[in-house]
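Have a look at the structure below before the remarks.
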Amino acid sequence: MPLDLHKRILLDGAMGTMLQSSGLRPGENAEVWNLTQPERIERVHRAYLAAGSQVIYANTFGANRLKLKKTGHTPDEIIAAGLRAARHALQGTGALAALDVGPLGALLEPLGTLTFEEAYDLFAEMMVSGQRHGADLIVIETMTDLYEAKAALLAAKENTALPVFVTMSFDANGRTFTGCTAASMARVLEGLGADAVGVNCSLGPREMLPVIREIRRHTRLPLIAKPNAGLPDPVDGRYSLSAADFAADMEKIAGEGVTILGGCCGTDPDYIRALSGLSPAAPAPDAFRPCSFLCTPTVPLPIDRVRVIGERINPTGKKRFQQALLENDLDYIVDTAIQQMDAGAEILDVNVGYPGVEEKTMLPRVVKALQAAVDIPLQLDSADPEALEAGLRVYNGKASVNSVNGDPQVLGRILPLVKKYGAAVVGLTLDEAGLPDTAQRRLAIARRILDSALALGIPREDVWIDCLTLTVSAQQEQAAETLKAVETVSRQWGLQTVLGVSNISFGLPNRSLVTRAFLAQALRCGLTLPIVNPAETMDMIAACRVLGNEDEQSRRYVARFAALPEKTAAPGSRLTLEEAVQRGFRAEAGALAREALKEQDEMELVECRLIPALDQVGADYERGAVFLPQLLSAAQAAQAVFEVIRASLLQKGRHAVSKGTVLIATVQGDIHDIGKNIVKTVLENYGYTVIDLGKDVKPEIITRRAAETGASLVGLSALMTTTLPAMEDTVRQLKALPHPPRIMVGGAVVTSAYAEKIGADFYARDARAAVEAARQVFG
Amino acid sequence: MTDFLLEEALRYLGAARADEATRRAVAETAQTLRGTISPRFVYRVFDLEKKGGAPFLPDAGLTLPGKLARRMLEGCGKAALLICTLGAGFDARMRHMQARDMAGAVILDACGSAWVEAGCREAEKAIAARHPGWFLTDRFSPGYGDLPLTLQPDWLRILDAEKRLGVQAAESCQLIPAKTVTAVIGLSRQPQPARIRGCAYCALKNTCTARERGICRAT
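The structure is reproduced here in structure tokens:
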């Protein structure tokens, strides 16, 4: 990089508004002007260079394949022309030309339907062109989704050798439109190797100041500010700040240590000229505080006190979990996550290693499913580097890796991944020689792990040490050694410590007691990251937080034990199973089912009690006596009963009997899916197996999956008139199968006449009608 | 004072006459929503002309085809284009809630619809406040009556909604985030007698169950 990013650098101002004033019509694609009006593009660049810009952004903001689709031009053509104009303009000035990369214009999963991998490919195409056509650097800007920014940054780093700036757009509340915090943004982008980070667009400089301050606290990187010229007037769209006012506010931003300055919407060369009059950059006090940290975009989690890592997403010794993995039942895994969060976990350990499961495909799949459904940082737990890389790649935020150990081969395989993806890492104090038997040996291995990580450029605060819990019933003297090592690493070295606590009590009666006693001792020694079953240990941790003077005035402890249990029947009331289901009491329904199984077998319970109870609710719903939320509460209570039945059957070595398999999907183009999900909930609780293909599903995929699974019934949902053709097409393709399934259709715009016209077998106006269709098909 | 958010959400749920427990659940969700997510809107007011008989906004480069727009904007000198959204945070909350509790998700969905409607009403007030001496017509939206749904991308482009609100349109013209409303409101020097309420204009008139359940406000 020929520029020193720690000294003042002036960027340019707005391109779009400049082009509009030179004749770009509303709706016209600005990037196509690189080809058709290159002299006008050059003129804008020249005006900024004359005003003092040292870096100009080529007119390539929207030059991605998606946004250019309607223009008939390729990204490479547009980027070549855009950089040609920029390079031409800056000849002899010593300024640099940046490839400008904006959002793709389609939202990524889970908000939209574009996959992370597709986004990466679209960005990679731009990055390769940018480098080939002479960009000096890459700027990724106006991002509001950290996941999209990650895809772009990875694409830049993996396909070019150019420096990369990343700026995101924040709201005055300190978050982006997708809820991303400044802290998460700064930590994640620094971890992924950005050269400078900051904020552009959406705010004026004054509103941007608090966001910039927050970013400073979370990164060592040089900072960028490219705000709008104030806020636009809603009536006429004019921006509020003059060039002089803009510069005056920018002086304050520069005072925060921001070295790279420019303007966004509403600014023109006068604004940049005004910036060149600012007093020279003064070194700002260093606000960055190293701190161990994990996050999702919306949940920043500094490890500044004890943070509980939930251990339950792990198949070891759990039959039901193993079955879920083998059947690709992600809903069950998500449920396990929710239960742990509700019990108090703040990080979830995710381990999906099991014979018959391909970890490198399952881990990223589970990471995506979890991140769509819960908002909590994850710790990826695997010994397989390929699985870890696949998981880290698609993880949105900053994750930790569990684990490396002192074996040089393991360190060599896994630490580079930790560095590349900006993760934290758990260093387990064992090595190729086996288990250490003293605190001293544990510390020696920990030192080796720390040194290897530091040598790769992994920050010290991202190295967490697990001093190895051994089973006390087998090696009784080891518990004290573990604790001694924890104390040294925590108190003397100042590193975070992790312990798989539950291991301590293996083989003893009343395990939970021993586990909790060990946990209390370990916390006293400075343990910050216990890996535990939160349902068993959170009370103990709450008490330790009081004793450790961490829970001020015991407020959280008091709140914890004053809290009322949610949605349960009044104490002392004696419900029947049917009543519990109908009134939506999940816990009671489960308990009553367990009791009922003492006298009835599983199938009898389902057929003679559960289904009639659900039918009663359904009939009440149809005559308007109960409403959709109650219908669904009943379905969920029924689900609790089914879980009991499934567990009971598994214990007897049998699998749950399904009443039939239904494949459901929202058709291509349709991205809202609550209706389909309602149908899924209700069908499942009538005992049908539902394979949910999700939303925006191509006809070919629905057809292929119908053939593969042999589902006898396929349910399709469409919400908009614009997506009805996709429904029709899907029906046509399904009917062409050698053994076509029966088809039911539904959704806001679907009518029974339409269903008939396109050849569907059933019109399901609501979830109840879907159950009726299933009954007709499966008997 | 009646709670607009609560009553409107109950109406969307078809549960206007709901039992106490349902009302309480909806009220709790509405309260949380009110405290954590604010509807956001952007609008711009354009001069309105006619082009071939159809309302035309020259500065936006937008023609509003169809009978509905012609009738509703008759006699208007200006028109406001509006987008109001609950943002992606609401979609995330819906996803989380669906994983946890479908019954709760259905309630949240209804509260979200009511809350974005409340945001549209705030926007109307803001527009009216900036235009003393003008009368606002009823608000109507692409996809309603014969105003084409395919105008959604134009709305987004004209109001720069991707940058300013984080709103995008899928190819099917569905808007993301889910609780997003685009609308046009005419401004006239005389009160506008035309109204849009009524099932005849509603795109869902053939499949809607609200009317037969007696919960549609339009009838």
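Taken in sequence, the protein lines are chains A and B.
Going by our numbering, the residue at position 6 of the first sequence is 12; the numbering climbs one at a time, nothing skipped.
Going by our numbering, the residue at position 113 of the second sequence is 1191; the numbering climbs one at a time, nothing skipped.
Even for Gly, the Cβ is constructed at its ideal location relative to N, Cα and C.
Computed from a predicted model, the values in this text were never measured in an experiment.
A distance below 8 Å separates the beta carbons of A/LYS73 and A/GLY111. B/LEU1151 is classed as buried because its beta carbon has at least 16 other beta carbons within 10 Å across all chains shown. In this chain, the alpha helix (DSSP H) harbouring B/THR1100 covers 1098–1114.
A residue is called buried when at least 16 other Cβ atoms come within 10 angstroms of its Cβ; A/ASN234 meets this threshold and is buried. Comparing alpha-carbon positions, the option among A/ASN683, A/LEU525, A/GLY675 lying closest to A/THR736 turns out to be A/GLY675.
In chain order, HIS1174, ALA1177 make up the part of chain B whose C-beta sits under 8 Å from the C-beta of A/VAL380. The C-beta of B/ILE1263 comes no closer than 8 Å to any C-beta of chain A. Beta-bridge partners assigned by DSSP to A/PHE299: A/PRO308. For A/GLY58, the three-state secondary structure derived from DSSP is coil.
Distance from the CA of A/ASN35 to the CA of A/TYR760, rounded to the nearest whole angstrom, comes to 38 Å. Unbroken alpha helix (DSSP H) runs of no fewer than 4 residues, entirely contained in the region 1107–1172 of chain B, are found at 1145–1150, following chain order.
Looking only at A/LYS404, A/THR477, A/ALA91, the smallest Cα-Cα distance to A/GLY197 is reached by A/LYS404. Distance from the Cα of A/GLY752 is smallest, within the candidate group A/GLY272, A/GLY88, A/LYS682, for A/LYS682.
Distance from the CA of B/ALA1170 to the CA of B/TYR1121, rounded to the nearest whole angstrom, comes to 25 Å.
Listed in chain order, the positions of the region 31–50 of chain A with a beta carbon within less than 7 Å of a beta carbon of chain B are ARG31, PRO32, GLY33. Taking a beta-carbon distance threshold of 8 Å, A/CYS207 counts as an interface residue toward chain B. Taking a cut-off of 8 Å on C-beta distances, the region 1166–1180 of chain B does not touch the region 1230–1237 of chain B, as fewer than three cross pairs fall below it.
Shortest Cα-Cα distance from A/ARG219 to any of A/VAL358, A/ILE617, A/ALA64, A/PHE294 involves A/PHE294.
Take the alpha-carbon of A/VAL424 and the one of B/SER1250: they are about 40 Å apart. Beta-bridge annotation (DSSP): A/MET149 is paired with A/MET174. Under the Cβ criterion of 8 Å, A/MET726 is counted among the residues facing chain B. At a cut-off of 8 Å between beta-carbon atoms, B/LEU1234 makes no contact with chain A. At the C-beta level, A/LEU267 and A/LEU17 come within 8 Å of one another. The beta carbon of A/LEU247 does not come within 8 Å of any beta carbon belonging to chain B, so the residue lies off that interface. Annotated three-state conformation of A/PRO536 is strand, per DSSP. The beta-carbon separation of B/LEU1160 and B/ALA1261, rounded to 5 Å, stays under the 8 Å limit for a contact. Between the alpha carbons of A/VAL552 and A/GLN559 lies a distance of about 8 Å.
Contact check between the region 440–447 of chain A and the region 416–432 of chain A: fewer than three CB pairs, one atom from each, fall below 8 Å, which does not count as touching. In terms of Cβ geometry, A/THR475 and A/ASN516 do not form a close pair [threshold 8 Å]. Taking a C-beta cut-off of 7 Å against chain A, the contacting residues of the region 1249–1263 of chain B are GLU1249, SER1250, CYS1251, GLN1252, ILE1254, ALA1256, listed in chain order. For B/ASP1081, none of the residues of chain A pass the 8 Å Cβ criterion, the least Cβ distance being about 18 Å. Neighbours of B/ILE1185 in chain A, taken as residues whose beta carbon is under 7 Å from its own, are PRO635 in chain order. Contact residues of the region 1203–1217 of chain B toward chain A are ALA1204, ILE1205, ARG1208, HIS1209 (C-beta to C-beta distance below 9 Å).
For A/PRO216, no chain B residue has a C-beta closer than 7 Å to its own C-beta; the minimum C-beta separation is roughly 18 Å.
Listed along the chain, the chain A residues whose CB falls inside 9 Å of the CB of B/TYR1121 are PRO240, VAL241. For the region 670–692 of chain A, the residues whose beta carbon sits under 8 Å from a beta carbon of chain B are, in order, GLY675, ASP676, ILE677, HIS678, ILE680, ASN683, ILE684, THR687.
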